């Protein structure tokens, strides 16, 4: 395993990248991005067997699909810093002629992206297709996904969840970012989804929980445990509790920073809380 | 008028089923998905021969489209099968984002398109699907005319890299396309050369256009008849060349005149060679229950309607 302190320092740099990306263009989604920083760093630096030289088919490597595409700032930062494309390109986020579109897309040929996402609820279906392709190819690697908790209100998810359970697609690990927030407020007040663990289990999934989704050691431990549960006839779900806006005090514990960029003063404060570690782009 | 005859009628969906079965033998990258309509889509032969390459998604079309997009990642060529209504309108956003915008090599195969679905009525008779699909950047849209052409198209699209919408139907229609005719995406087929009017038809209306050509000949009118099996990319060159000769055009399709083949023809002519045009198509309306023949007559989608439109458009020259 990589040194935990190094991973934490990696995550600190990613948080800087997130707030700097959205600040520059005064748009983008910092809240969910910050909340999932540890997950992305764990996935790309520790958990997945992946190749940054990037081949779309990804045969014999682990694949990741981001379903809640609006948290693109964290995805882009971690892909760049994992070697998929030059970190300097983070400075083009959401700008004209950039490969770093507001929401991730294959359309501009950005290495590391295998599907467009943004319109919510579509990622799991795509991941299931890719997981079935792996089985046909006798490829034993895994398919990982990430979904927002609010995103589960989209009905297509439940078609996919039902399919995966019924057909025993056991080479997929779907993580749900349980931050309890969405644009119009808390998930409980907007549309309470009840007991997600019970729901996934009722659909035939093996469900694990990571109670501290912003503790990178706990995230790694949880995802490693999830790996152990694959290949046993059931799809694996990880319910990962995170704090939206984690690591930037004024963005934490609120939905206010779902899709809002910091001003100059707020950026300064956010960066002071997350000192440069790997070098800014 | 060139003579067209047939010895057999067959449904175009069976041409799809036969083409898919053929692909099952010849192309090990082809996989199929269906949302609980395998008998209607005639997919049994493929499934029986290649059970590991078939994915039954249940009545969940959105998941089916997403899975198809995912199956391309790993090198497969997915063919999805359901009714045209559930292949397009129901899953438009999934097709738009996960297939078209993502540039995935998915073949969306849609049966029971248009009014000829018949008795089930308007809930199932989509007349807007060509418009929906042709508006998506990068999407190829194909509507073959008979069993042989549908079979050939089904096989041909496997070799085309990129998303394709393949539209076919339920009624048995005359088989007049030669079984060995090569299917060339985007290449119009000249069925009859004429001088007075160009009739551009697609799908089930192609045979009606041939019958109309024969009736027009008896009235002393020489009709040029073109089979446009590929609505996008449109063979603009063939259309412009023909209309330059005849000076007017009738478009014929089992689809709304808003968004269909006719509008694509109009746009082409407006840009290159403006000419009078009449539209044999449904006119901004839903369908209803009835037999296919009754519906095609009521909504003006048959040879008689093409003859009337031809006579009208010639007067407008």
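Protein chains in written order, with the UniProt record's numbering: chain A, 1 to 281; chain B, 1 to 317.
Where a beta carbon is used, it is the ideal one built from N, C-alpha and C, also for glycine.
As the structure is a prediction and not an experimental result, all values here were calculated from the model.
Next item on the list: Just list the beta strand (DSSP E) runs in the segment 122 to 172 of chain A, keeping only unbroken ones of 3 residues or longer that don't cross its boundaries, in chain order.
Entry: Restricted to the segment 122 to 172 of chain A, the beta strand (DSSP E) segments that are unbroken, complete and at least 3 residues in length are 143 to 148, listed in chain order.
Checklist line | CB contact flag (residue 35 (chain A), residue 193 (chain A), <8 Å) | finding: no
Next item on the list: Determine contact between the segment 153 to 169 of chain A and the segment 231 to 246 of chain A, defined as no fewer than three beta-carbon pairs at a distance below 8 Å.
Entry: yes
Margin query: For a cutoff of 8 Å on Cβ pairs, would you count residue 127 (chain B) as touching chain A?
Written below: no
Margin query: Am I right that residue 255 (chain B) and residue 162 (chain B) are in contact with their C-beta atoms under 8 Å? What's the rounded C-beta distance?
Written below: Between residue 162 (chain B) and residue 255 (chain B) the Cβ distance is about 22 Å, and since that is not below 8 Å, they are no contact.
Notebook entry, point to check: Considering residue 168 (chain B), what are the terminal residues of the beta strand (DSSP E) in which it resides?
Noted result: Careful: residue 168 (chain B) lies outside any beta strand (DSSP E) and carries neither H nor E.
Check: Listed from N- to C-terminal order along the chain, which residues in the segment 28 to 52 of chain B have their beta-carbon within a distance smaller than 9 Å of any beta-carbon of chain A?
Finding: The segment 28 to 52 of chain B vs chain A, Cβ under 9 Å: 31, 33 and 52.
Checklist line | Straight-line Cα distance separating residue 173 (chain A) from residue 43 (chain A) | finding: Approximately 11 Å, taken between the alpha carbons.
Checklist line | One or two residues paired with residue 78 (chain B) in a DSSP bridge | finding: B:31
Notebook entry, point to check: Three-state secondary structure (DSSP) at residue 151 (chain B)?
Noted result: helix
Margin query: Is the separation between the beta-carbon of residue 107 (chain B) and that of residue 164 (chain B) shorter than 8 Å?
Written below: yes
Checklist line | Within 8 Å, strictly: CB atoms of residue 252 (chain B) and residue 185 (chain B) | finding: no
Next item on the list: Give the DSSP bridge partners of residue 42 (chain B), in chain order.
Entry: Residue 42 (chain B) is not bridged to any residue.
Note to self: Quick check on residue 89 (chain B) - is its C-beta less than 8 Å from some C-beta in chain A?
What the structure shows: no
Check: For residue 195 (chain B), which of B:221, B:28, B:41 and B:205 has the nearest alpha-carbon?
Finding: Of the listed residues, the one whose Cα sits closest to residue 195 (chain B) is B:221.
Notebook entry, point to check: Smallest Cα separation from residue 17 (chain B): which of B:177, B:170 and B:278?
Noted result: B:170
Next item on the list: Within its chain, find whatever has a CB closer than 6 Å to the CB of residue 68 (chain B); leave out the 5 residues flanking it on each side and keep chain order.
Entry: 33, 78, 80 and 106
Item checked: Buried versus exposed, by CB contacts within 10 Å (16 or more), residue 95 (chain A) -> exposed
Margin query: By alpha-carbon positions, which one of B:315, B:12, B:268 and B:3 ends up nearest to residue 241 (chain B)?
Written below: When only C-alpha atoms are compared, the closest one is B:268.
Next item on the list: Tell me whether the beta-carbon of residue 59 (chain A) lies closer than 8 Å to the beta-carbon of residue 139 (chain A).
Entry: yes
Check: Does any C-beta atom of chain B lie closer than 8 Å to the C-beta of residue 115 (chain A)?
Finding: Cβ-Cβ to chain B under 8 Å: yes for residue 115 (chain A).
Checklist line | Nearest to residue 147 (chain B) (by Cα), restricted to the options B:130, B:176 and B:140 | finding: The shortest CA-to-CA distance from residue 147 (chain B) to any of B:130, B:176 and B:140 is the one to B:176.
Item checked: Contacts that residue 190 (chain B) makes with chain A (C-beta to C-beta distance below 7 Å) -> Simply none; closest approach about 37 Å.
Checklist line | Three-state class that DSSP yields for residue 252 (chain A) in the structure shown | finding: coil
Note to self: Restricting to Cα atoms, I'd like to know which of B:248, B:286, B:285 and B:215 is closest to residue 277 (chain B).
What the structure shows: Taking each of B:248, B:286, B:285 and B:215 in turn and checking the Cα distance to residue 277 (chain B), the smallest one comes out for B:248.
Margin query: Taking contact to mean 3 or more Cβ pairs, one atom from each stretch, closer than 8 Å, check whether the segment 121 to 130 of chain A and the segment 154 to 162 of chain A are in contact.
Written below: Segments in contact, yes.
Checklist line | One or two residues paired with residue 111 (chain B) in a DSSP bridge | finding: B:83
Notebook entry, point to check: Is the beta carbon of residue 204 (chain B) sitting closer than 8 Å to the one on residue 153 (chain B)?
Noted result: no
Note to self: For residue 87 (chain B) and residue 100 (chain B), I'd like the C-alpha separation in whole angstroms.
What the structure shows: 14 Å
Next item on the list: Measure from the C-beta of residue 85 (chain B) to each C-beta in chain A and report whether the shortest distance is under 8 Å.
Entry: no
Checklist line | Cutoff 8 Å: residue 196 (chain B) Cβ touching any chain A Cβ | finding: no
Next item on the list: Quick one: which residues of the segment 157 to 169 of chain B get their C-beta closer than 8 Å to a C-beta of chain A? List them in chain order.
Entry: none
Item checked: Segment limits, beta strand (DSSP E) that includes residue 62 (chain A) -> Per DSSP, residue 62 (chain A) belongs to no beta strand (DSSP E) and is neither H nor E.
Note to self: Bridge partners for residue 98 (chain A) per DSSP, in chain order?
What the structure shows: When DSSP reads this structure, residue 98 (chain A) sits in no beta bridge, so it has no partner.
Margin query: Can you confirm whether the segment 1 to 18 of chain A touches the segment 267 to 275 of chain A when touching is taken to mean that 3 or more C-beta pairs between the two stretches lie within less than 8 Å?
Written below: Because the criterion of three Cβ pairs below 8 Å is met, the segment 267 to 275 of chain A and the segment 1 to 18 of chain A touch.
Item checked: Beta carbon proximity, residue 134 (chain A) to chain B, threshold 8 Å -> Chain B contact via Cβ: present.
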